[in-house]
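Visitor: As given, the protein sequences belong to chains A and B, one line each in that order.
For the first sequence, this note's numbering assigns the number 53 to the initial residue and increments by one for each residue that follows.
For the second sequence, this note's numbering assigns the number 85 to the initial residue and increments by one for each residue that follows.
Glycine included, each C-beta is placed from N, C-alpha and C at the ideal position.
Predicted, not measured: the structure shown is a model, and the values here were computed from it.
Can you read through this structure? Questions will come right after.
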Amino acid sequence: MDLSRRRFLQLGGLSALGAVVFNGCDIPEVELQVQSSIDIPEDTVAGGELWYATLVNQGGAPEGIIVRVMEGRAKKVEGNPDYPMNRGKHSARSEGALQALYHPDRIDSPSHDGVAASWDDSIQALGAAVTTGKTLVITDPLRGQLGKVVSQFVASAGANHAQFEPLSRIVLKDALSQAFDQERTPHFDIKNAKCVLSIGADWLGTWVSPVSHSVEYGEFRDGGHDGEDRGYLIHAESRFSTTSASADRWIPIKPGTEGLLALGIAHVIVEKGLATGDVNKAFKGGASALSPFTPAVVADGTGLTEYLGNDSLKATHMIENAAVIFATNSPAIALGGDSAGAHTNGAFNLAAAYALNQLVGSVGVVGGIQFNPVFPLDVPQSAVGASLDDWKTTISDMNNGVYSTVIVRGADPVYGLPDHLGFKEALQKIGEVIVFTSIPNETSNGANWVLPEQSQLEMWGDDIPDPAPGYPVLGLQQPVVRPFKDARSFGDVILEVASSVGMNGTWALDMQDALRTAARELHKLNRGSVTATSFDDFWVGILQRGGWWDTSAAIGGTIYQGTPLDVSAYSNPEYLGGGKFHLLPFRSVALWEGQNSDLPWLQAAPDPTSSGVWQTWVEISRNDASELDISEGDILELTNNENKQQINVIAYPMPAIPDGVLGVPMGQGHSAGSGRYARDRGVNVLNILSAVQDKTTNAHAWAATTVTLRKTGNKTRMVKLEGEAATDQLEEWPVVLISNH
Amino acid sequence: MSSTGKIVIPIVIALTVGVIVLGAAFVGRAWFTLPFPVLGLGDPPVQPIEFPHASHVNIGGVDCVFCHRNVTSGLAATVPSVEQCMFCHKVIGQQAKQLDGISGEQGLLTVAGWDPKTMKATQPINWERVHRVPDHVKFNHEAHITFFTDPAYETSDRKAFDQPSQVCATCHGDVASMPAVKQVRDLKMQDCVDCHRDNGAPTDCTTCHY
Numbered sequence: 053m054d055l056s057r058r059r060f061l062q063l064g065g066l067s068a069l070g071a072v073v074f075n076g077c078d079i080p081e082v083e084l085q086v087q088s089s090i091d092i093p094e095d096t097v098a099g100g101e102l103w104y105a106t107l108v109n110q111g112g113a114p115e116g117i118i119v120r121v122m123e124g125r126a127k128k129v130e131g132n133p134d135y136p137m138n139r140g141k142h143s144a145r146s147e148g149a150l151q152a153l154y155h156p157d158r159i160d161s162p163s164h165d166g167v168a169a170s171w172d173d174s175i176q177a178l179g180a181a182v183t184t185g186k187t188l189v190i191t192d193p194l195r196g197q198l199g200k201v202v203s204q205f206v207a208s209a210g211a212n213h214a215q216f217e218p219l220s221r222i223v224l225k226d227a228l229s230q231a232f233d234q235e236r237t238p239h240f241d242i243k244n245a246k247c248v249l250s251i252g253a254d255w256l257g258t259w260v261s262p263v264s265h266s267v268e269y270g271e272f273r274d275g276g277h278d279g280e281d282r283g284y285l286i287h288a289e290s291r292f293s294t295t296s297a298s299a300d301r302w303i304p305i306k307p308g309t310e311g312l313l314a315l316g317i318a319h320v321i322v323e324k325g326l327a328t329g330d331v332n333k334a335f336k337g338g339a340s341a342l343s344p345f346t347p348a349v350v351a352d353g354t355g356l357t358e359y360l361g362n363d364s365l366k367a368t369h370m371i372e373n374a375a376v377i378f379a380t381n382s383p384a385i386a387l388g389g390d391s392a393g394a395h396t397n398g399a400f401n402l403a404a405a406y407a408l409n410q411l412v413g414s415v416g417v418v419g420g421i422q423f424n425p426v427f428p429l430d431v432p433q434s435a436v437g438a439s440l441d442d443w444k445t446t447i448s449d450m451n452n453g454v455y456s457t458v459i460v461r462g463a464d465p466v467y468g469l470p471d472h473l474g475f476k477e478a479l480q481k482i483g484e485v486i487v488f489t490s491i492p493n494e495t496s497n498g499a500n501w502v503l504p505e506q507s508q509l510e511m512w513g514d515d516i517p518d519p520a521p522g523y524p525v526l527g528l529q530q531p532v533v534r535p536f537k538d539a540r541s542f543g544d545v546i547l548e549v550a551s552s553v554g555m556n557g558t559w560a561l562d563m564q565d566a567l568r569t570a571a572r573e574l575h576k577l578n579r580g581s582v583t584a585t586s587f588d589d590f591w592v593g594i595l596q597r598g599g600w601w602d603t604s605a606a607i608g609g610t611i612y613q614g615t616p617l618d619v620s621a622y623s624n625p626e627y628l629g630g631g632k633f634h635l636l637p638f639r640s641v642a643l644w645e646g647q648n649s650d651l652p653w654l655q656a657a658p659d660p661t662s663s664g665v666w667q668t669w670v671e672i673s674r675n676d677a678s679e680l681d682i683s684e685g686d687i688l689e690l691t692n693n694e695n696k697q698q699i700n701v702i703a704y705p706m707p708a709i710p711d712g713v714l715g716v717p718m719g720q721g722h723s724a725g726s727g728r729y730a731r732d733r734g735v736n737v738l739n740i741l742s743a744v745q746d747k748t749t750n751a752h753a754w755a756a757t758t759v760t761l762r763k764t765g766n767k768t769r770m771v772k773l774e775g776e777a778a779t780d781q782l783e784e785w786p787v788v789l790i791s792n793h
Numbered sequence: 085m086s087s088t089g090k091i092v093i094p095i096v097i098a099l100t101v102g103v104i105v106l107g108a109a110f111v112g113r114a115w116f117t118l119p120f121p122v123l124g125l126g127d128p129p130v131q132p133i134e135f136p137h138a139s140h141v142n143i144g145g146v147d148c149v150f151c152h153r154n155v156t157s158g159l160a161a162t163v164p165s166v167e168q169c170m171f172c173h174k175v176i177g178q179q180a181k182q183l184d185g186i187s188g189e190q191g192l193l194t195v196a197g198w199d200p201k202t203m204k205a206t207q208p209i210n211w212e213r214v215h216r217v218p219d220h221v222k223f224n225h226e227a228h229i230t231f232f233t234d235p236a237y238e239t240s241d242r243k244a245f246d247q248p249s250q251v252c253a254t255c256h257g258d259v260a261s262m263p264a265v266k267q268v269r270d271l272k273m274q275d276c277v278d279c280h281r282d283n284g285a286p287t288d289c290t291t292c293h294y
């Protein structure tokens, strides 16, 4: 074919048109792509938030919390404003529950002798273990449904149950029983009181229910616009604790003489005719029995005179003044606990403190001691750890082959019991050791079976607070997120074991089922904070509120009368250890008794007194430090000459601790098998304590150890929040008092 | 016509018709449903990062909505921004060398230009789109999620799903088990209309074409 010029142009034009047309039909590449932008566009929905109410126990009293959950992840913890105990406030420990949930050391799945195992195999092994020999079940003190389930399980299996807490409250329980004939702790109506006299109990820091106490303390101190109703706080303790620091009058006394101080105060009240209650109901023998305890005798006996520069007059006046303020600012509360009860005469010390309430008519009144009614469910409503004597017996039984299986949950007795008692060695003689824990600990290190327990935010549970706020309260714990790990709750597992091996009795399907069954009983009462026609509505209601409580069921002015205290039973404290210095261990507000050492947030939460973090230090008085040429950061060796135990701690000279007393925080000193943030950090002060006991309850007298002190010559820097400058008052810069005049 | 022509011409005609029929069938299949899985057609597109949905969903327990966070509230499901990826991967996988999906040459850190000093990404990620409907079709993710999860729309034959992420598999298949995401339903108009009819959803034109 001849290709003319015209023909060429026609074909060229057609080709160009075709190219344009076909290219235009093609899809631009960008439309076949979707782009992940670098930053989140501002208009992209970031997820909606949901708040769930639940309960969390990270040491101390369980706290009602609400948790912000976004996209299936728990993000933030706040106090539950509805929950009667903490009323919208919460502790740093509860905040730490978030870190426990996401902890990198959480155990993924069950394991047997270090090899991963299935839950089916684990439950089968548990069932076989509890049905073939004698079993010992060790738990933290349990109340509520879990307490009931464990009791039923232990009874059906013919096992023994030992409840463990490093600093047992058994002495407090005994003192309350003596003073008020009550098993449960009464409600201290602090918010309506005009004066609080606390002896030994750091109730604003770590004693019993510190968050609910602090809420009440806020109202106690709120005196209105003119300040006339502002409550007055007197605190007697051998250490400068959070409560000591908050007090209007801190009375530093020698450890173990708290009962003597209480008797001295009682003496003044009676002698000055200020007693509004019956002295014979408080003290056996009445006024005459108290006559030997004059302020001068007590000032010397408690070491107060010595602490005040051998100024006897000043010391005597301090005791008289405290007694008069306590007796004339009605209603007033006297309470005692913690280190005051951790002596050979501990039960007497606490009973003497509580007897003061009878003396000033504070029992069963607004602003005084108010008793809690029995909760309308058949579940354990009070629980404390076993005494040291009981643990010695238990360890002996373990050594003698009484038990073939030991199950541990919610406790770390290898860490919490002093090494020299030999619990760890006794545990090694047990055939099957089954430990439930979320994060590895000292006890799980030696276990045959390690079973991952759900975190606090993943499980079902409940609590009946002890003390309650004067009326029945049930706190509910519900999962706020789906479990991240192949973990189960202890209650669910033992219920499954009980069913699978055909144990006698009726068993709930799981903890949720057990709680729902209990809730049906509450629903039938048709009263309290949630009422509903249908049970399902009631159930949703109590989950939304975080529990159920009934303010109408308060027993108000009911007075329980205990046994008048036999003053003649007072004995001087006995110390063991053969040292010059009193060793005073104290709970860390964040790490508690070691339970929270795995959580960096709580490791980094500063101690309220020293602001120390991440370490174990020793509070030593400036005078003692000066005398021994000790400065901050010196490594000191503390030795108990009775059991030859030693620990090395960092010196922290401070102006507030009395001479001759060494304060050491608990919580550190975990071994290599623990979680990454807890292990090989600081020392465990519990290991150095002598196995001395309270004479009445046989509880561990953990404040009755004396030690010798030696400079090692090594030095390190103490990690703390406060600066290097001294924090005490400088003479050239006096405090400026603000006055209306 | 020669004898050779008598043999060759019908064969050529038959082959031509066969090719045309096969071609029509090939195009027709691709037009009305998914293409024949030959010559790489229907394979998942090659992505800049071999993103493993399986490990994120099955091991990490990450819910679909966690990353495709607009899916319950808007038209598009949206892919996550690099910033959102790095919320987790600032920690997870940074030290794990075997996870090439994060630290290798084709890994997230390289492709997104992650600067460890400023802790910021410097480049967006251009993913190859796997699912696409024509421009004249308006597909609203939020409406579909709501329809399948809200008990108000459930019937005696179909219970409402508990979670939005359970709905995703209806159209996208079991993404958690796919090494690389590919299209499993044709998502043509017939597919849409059939599903709407089966579930009692409206089939009016303006439902999707507006």
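(1) When you compare the segment 732-739 of chain A with the segment 662-675 of chain A, are there three or more beta-carbon pairs, one atom per stretch, that lie closer than 8 angstroms?
(2) Taking the alpha helix (DSSP H) that Tyr-467/A falls in, what are its first and last residues?
(3) Report yes if the CB atom of Leu-313/A is closer than 7 angstroms to the CB atom of Ala-288/A, and no otherwise.
(4) For Asn-792/A and Glu-280/A, what's the separation of their Cα atoms in angstroms?
(5) Out of curiosity, what's the CA-to-CA distance linking Thr-162/B and Met-122/A?
(6) Sort Tyr-284/A, Ser-264/A, Val-108/A, His-265/A by Cα distance to Arg-273/A and report the nearest one.
(7) For Cys-247/A, list the residues DSSP reports as bridge partners.
(8) Under 7 angstroms, Cβ to Cβ, is there at least one residue of chain A near Gln-168/B?
(9) Roughly how many angstroms separate the alpha carbons of Glu-494/A and Lys-186/A, rounded to a whole number?
(10) Since Leu-690/A sits in a beta bridge, which residues does DSSP pair it with?
(11) Could you tell me which whole beta strand (DSSP E) segments of length 3 or greater appear in the segment 487-530 of chain A?
(12) Have a look at Gly-145/B, Ile-97/B, Met-273/B and flag the residue whose alpha-carbon is nearest the alpha-carbon of Asp-219/B.
(13) Is Pro-208/B close to chain A, meaning its C-beta is less than 7 angstroms from at least one C-beta of that chain?
(14) Here's the rule I'm using: 16 or more other beta-carbon atoms within 10 Å means buried, otherwise exposed. How should Met-203/B be labelled?
(15) Out of Thr-446/A, Ser-266/A, Ser-456/A, which has the shortest C-alpha to C-alpha gap to Asn-500/A?
(16) Give a yes or no on whether the C-beta atoms belonging to His-164/A and Pro-521/A are separated by under 7 angstroms.
(17) Under 7 angstroms, do Phe-33/A and Arg-461/A count as touching if we go by C-beta distance?
(18) What residue range is occupied by the uninterrupted beta strand (DSSP E) comprising Trp-211/B?
(19) Taking all protein chains shown into account, do 16 or more other C-beta atoms lie within 10 angstroms of the C-beta of Trp-601/A, making it buried, or fewer, making it exposed?
(20) Is the separation between the beta-carbon of Ser-146/A and that of Val-129/A shorter than 7 angstroms?
(21) Count Cβ pairs between the segment 244-258 of chain A and the segment 296-313 of chain A that sit closer than 8 angstroms; are there 3 or more?
(22) If you follow the alpha helix (DSSP H) that Ile-175/A is in, where does it begin and where does it stop?
(23) So which residues of chain B does Val-206/A contact, with C-beta pairs closer than 7 angstroms?
(24) Determine whether the beta carbon atoms of Thr-354/A and Thr-309/A lie at a separation below 7 angstroms.
(25) Touching or not, the segment 468-478 of chain A and the segment 436-450 of chain A, by the rule of three or more beta carbon pairs under 8 angstroms?
(26) Which residue from Gln-85/A, Ala-214/A, Ala-566/A puts its Cα closest to that of Gly-459/A?
(27) Could you confirm whether any beta carbon from chain A is found closer than 7 angstroms to the beta carbon of Ser-240/B?
(28) Consult DSSP for Val-417/A and reduce its assignment to one of helix, strand or coil.
(29) Got a sec: is the Cβ-Cβ distance from Asp-147/B to anything in chain A below 7 angstroms?
(30) Taking the continuous alpha helix (DSSP H) assigned at Asn-397/A, which residues delimit it?
(31) Can you give the Cα-Cα distance for Arg-572/A and Ser-391/A, rounded to whole angstroms?
(32) Answer yes if the segment 385-403 of chain A comes into contact with the segment 752-771 of chain A, meaning at least three C-beta pairs across the two stretches below 8 angstroms, and no otherwise.
(33) Run the CB neighbour count on Asn-362/A, radius 10 Å, all protein chains shown included, and call it buried at 16 or more, exposed below.
(34) Could you pull the start and end residues of the beta strand (DSSP E) that Met-122/A belongs to?
(35) By Cβ distance below 6 angstroms, which residues in the same chain neighbour Gly-158/B in space, the five residues on each side in sequence not counted?
(36) For a test of the three-state rule: what should DSSP assign to Pro-93/A, helix, strand or coil?
Guide: To lay it out plainly:
(1) Segments in contact, yes.
(2) 465-468 is the extent of the alpha helix (DSSP H) around Tyr-467/A.
(3) With contacts defined by Cβ atoms closer than 7 angstroms, Leu-313/A and Ala-288/A form a contacting pair.
(4) Low local confidence applies: a pLDDT of 49 at Asn-792/A is under 50, so the model's placement there is unreliable, and no value is given.
(5) Whole-angstrom Cα-Cα distance: 18 angstroms.
(6) Out of Tyr-284/A, Ser-264/A, Val-108/A, His-265/A, Tyr-284/A has the C-alpha closest to the C-alpha of Arg-273/A.
(7) In the DSSP output, where bridge partners are listed per residue, Cys-247/A has Tyr-284/A, Ala-384/A.
(8) Judged by the 7 angstroms Cβ criterion, Gln-168/B is in contact with chain A.
(9) Cα-Cα distance, rounded: 23 angstroms.
(10) Its beta-bridge partners are Ile-699/A, Leu-761/A.
(11) Taking only runs of at least 3 residues, the beta strand (DSSP E) segments lying wholly in the segment 487-530 of chain A are 501-504, 513-515, 525-529.
(12) Nearest C-alpha to Asp-219/B among Gly-145/B, Ile-97/B, Met-273/B: Met-273/B.
(13) Yes, contact with chain A.
(14) Burial call: exposed.
(15) Of Thr-446/A, Ser-266/A, Ser-456/A, the residue nearest in Cα terms is Ser-456/A.
(16) Not a contact, by the Cβ cut-off of 7 angstroms.
(17) Since the first and last residues shown for chain A are 53 and 793, residue 33/A lies out of range.
(18) Segment 209-212, the beta strand (DSSP E) holding Trp-211/B.
(19) A residue is called buried when at least 16 other Cβ atoms come within 10 angstroms of its Cβ; Trp-601/A meets this threshold and is buried.
(20) Cβ distance < 7 angstroms, so Ser-146/A and Val-129/A count as in contact.
(21) Judged by Cβ distances under 8 angstroms, the segment 244-258 of chain A makes contact with the segment 296-313 of chain A, as three or more pairs qualify.
(22) Per DSSP, the unbroken alpha helix (DSSP H) holding Ile-175/A starts and ends at 171-184.
(23) Within chain B, no residue has its beta carbon less than 7 angstroms from that of Val-206/A; the closest one is some 35 angstroms off.
(24) Contact: yes.
(25) Touching, per the Cβ criterion.
(26) The question names Gly, yet the displayed sequence has Ile at residue 459/A. Comparing C-alpha distances from Ile-459/A to each of Gln-85/A, Ala-214/A, Ala-566/A shows the shortest one belongs to Ala-214/A.
(27) Ser-240/B does not count as touching chain A.
(28) Looking at Val-417/A - three-state DSSP - the assignment turns out to be coil, as it is neither helix nor strand.
(29) Asp-147/B counts as touching chain A.
(30) Note, Asn-397/A: premise wrong, no alpha helix (DSSP H); not H, not E.
(31) Here the alpha carbons of Ser-391/A and Arg-572/A stand approximately 42 angstroms from one another.
(32) Counting Cβ pairs under 8 angstroms, three or more are found: they touch.
(33) Answer is exposed; the Cβ neighbour count stays below 16.
(34) Start and end: 115-122.
(35) Contacts found: Glu-226.
(36) The answer is coil: DSSP assigns Pro-93/A none of H, G, I, E or B.
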